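Read in our numbering, the sequence shown has 760 at position 312, and its numbers run on one by one without any break. Even glycine gets a Cβ: it sits at the ideal position worked out from N, Cα and C. Since the model is a prediction, treat every value here as computed from it, not as a measurement. Note sheet for the following structure.
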Amino acid sequence: MRRKTFIQQGSLLASGMLISPVLLNKKKNATSKKIMASFTPYVLSTWNVPRANEIAGAALDRGINALEAAVSGVAFEESNLLNTTVGNGGAPDRDGEVTLDACVMNHKGDCGAVLAVQNITHVAALAKDVMEKTPHVILAGEGAKKFALSQGYTPEDLLSPQSKKAWKKWLEKGNYQPEINVENHDTIGMLCSDQNGHLSGVCTTSGLAYKMKGRVGDSPIIGSGLFIDNNIGGAVATGLGEEVIKTVGSFLIVELMRQGKSPQEACEEAIGRIIEKQSGKPDFHVAYIATNKKGEIGSYSIHQGFSYSFYKKNINQNIISKSIY
Ligand code: GLY
């Protein structure tokens, strides 16, 4: 972690954070003097992912569009063998197979997703390829892998020695209980706003550790794990996908923002929709992050321990989220 630029701040600072999005650049050329409007780009990601955030932020600062920047940012964690919840090295299913889910959505409302893909590390890029190079929105399993190979992706064994060892240990009991992840990472959702003020997002995950074979969570489901409406804002989810799917969480947050709620208020209401169906404190975790077209950001989680990463103007911060418990 680059501590010089990566500042951990309390939730009080985070709440109501207002980003001034518009920067007026005066550009001169030989024949005319133009005033060009451009927006200050920013990146908002689930969990403490400084390098991924920095890669995406630097790309945006160079003028790369929001979707390309987000895909390049999460690719770092997809390759990171130490991250056991995303990409290569992700925790396997009960049969010991790593299956990955991802989706992307851009400012035009175009989207792509891949579900339960084996042997391909960069599933966010693959989801983008589904969006851009096929007539479909979703490809699953073998079909997604076949498409990846046709596009030149290199097949890899995604079960790292570390994840294999943890799975073998889990097999000794084989008790399945979703864990409340309050570690540094889980599913990575990333929202980017580029120099044109366009919003795009990405969500990528290996899903729940030791899930049943074929189980797919919220992360590749447009509207659940991720939703973008470039007129309103965007949201992404992390945590127990089943609960996010039941409430179509990310779409809900964007619609609440459309009705006038701030990103913070919308995230809190979306968590509330999950909690109201539970009897007491749930033993699972869900968290959301969101941003709107004014550049305001918000986040909320069920339990303590969730944080999000925020990059703007070369400053990368990890901010502790508010939580209901
Ligand atoms: N949010 C990731 C999953 O439930 O698969």
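What residues in its chain sit with their C-beta under 7 Å from that of residue i, if we drop five residues either side in the sequence?
i, result
"cysteine 559", "Cys551, Val552, Met553, Met579, Val585 and Ile670"
With a cut-off of 8 Å on the beta carbons, I'd call residue i and residue j a contact; round off their distance for me.
i, j, result
"glycine 665", "aspartate 549", "6 Å"
"alanine 564", "glycine 637", "Not really, about 19 Å apart at Cβ, beyond 8 Å."
"leucine 606", "asparagine 567", "6 Å"
"cysteine 640", "valine 684", "Actually they are not in contact, since the Cβ atoms of cysteine 640 and valine 684 sit about 11 Å apart, beyond 8 Å."
"leucine 574", "alanine 592", "7 Å"
"alanine 738", "glycine 649", "Going by Cβ atoms, the distance from alanine 738 to glycine 649 rounds to 10 Å, so no, they are not a contact pair."
"glutamate 525", "valine 546", "Not really, about 14 Å apart at Cβ, beyond 8 Å."
"serine 527", "serine 757", "Not a contact, Cβ separation roughly 17 Å."
With distances taken from CA atoms, which of the options is nearest residue i?
i, options, result
"threonine 571", "Pro583, Lys594, Lys612 and Ala523", "Checking the displayed sequence, the identity of residue 571 turns out to be valine instead of threonine. Nearest C-alpha to valine 571: Ala523."
"serine 771", "Ser755, Asn762 and Asn528", "Ser755"
"threonine 488", "His733, Leu647 and Thr686", "Leu647"
"serine 608", "Gly544, Gly649 and Ala518", "Gly544"
"tyrosine 759", "Trp495, Lys581, Asp541 and Gly505", "Gly505"
"glycine 535", "Lys617, Ser654 and Glu604", "Ser654"
"glycine 673", "Leu656, Lys659, Ala657 and Gly697", "Gly697"
"lysine 613", "Thr582, Ala539 and Glu590", "Ala539"
"serine 486", "Ile503, Asp509, Lys581 and Gln726", "Asp509"
"serine 520", "Leu530, Thr532 and Ala507", "Ala507"
"isoleucine 723", "Gly708, Val692 and Ser747", "Val692"
"glutamine 599", "Trp615, Lys581, Asp731 and Ser611", "Lys581"
"alanine 561", "Asp541, Pro583 and Arg542", "Pro583"
"lysine 621", "Pro668, Thr635 and Arg542", "Arg542"
"glycine 689", "Ala657, Gly708 and Ser727", "Ala657"
Whose C-beta lies closer than 6 Å to the C-beta of residue i among residues of the same chain, with five residues either side of it excluded?
i, result
"arginine 721", "Thr695"
"arginine 706", "Ile680"
"glycine 687", "His733, Val734 and Ala735"
"asparagine 513", "Asp642"
"leucine 704", "Ala714 and Glu717"
"serine 468", "Note that serine 468 scores a pLDDT of 38, beneath 50, so its modelled location is shaky; the value from the coordinates is reported in the next line. Within the same chain, serine 468 has no close Cβ partners at all."
"alanine 478", "Because the pLDDT of alanine 478 is 39, which lies under 50, any placement of that residue in the model is unreliable, and the number read from its coordinates should be weighed accordingly. Once the five neighbours on either side are set aside, alanine 478 has no close Cβ partner at all."
"alanine 596", "Ile568 and Leu574"
"glutamine 745", "What sits at residue 745 in the sequence shown is isoleucine, not glutamine. Within the same chain, isoleucine 745 has close Cβ partners Met465, Leu492, Pro711 and Thr739."
"leucine 700", "Ala718"
Does the distance between the C-beta of residue i and the nearest non-hydrogen atom of ligand 1 fall short of 7 Å?
i, result
"aspartate 577", "no"
"aspartate 549", "yes"
"serine 749", "no"
"serine 667", "yes"
"threonine 686", "yes"
"leucine 656", "yes"
"threonine 635", "yes"
"threonine 695", "no"
"threonine 653", "yes"
"glycine 589", "no"
"glycine 689", "yes"
Near residue i, what residues of its chain come up, given a Cβ to Cβ distance below 8 Å and the 5 sequence neighbours on each side ignored?
i, result
"tyrosine 773", "Lys729, Ile750, His751 and Gln752"
"glycine 557", "Ile676, Asp677 and Asn678"
- What are the complete alpha helix (DSSP H) segments, minimum 4 residues, inside the segment 554-628? 571-581, 589-598 and 609-621
- Task: Identify every run of the alpha helix (DSSP H) within the segment 696-733, keeping only runs that are complete inside it and at least 4 residues long; order them along the chain.
- Result: 697-706 and 711-723
- Task: Give, in chain order, every unbroken run of the alpha helix (DSSP H) that is at least 4 residues long and sits entirely within the segment 484-553.
- Result: 498-509 and 514-527
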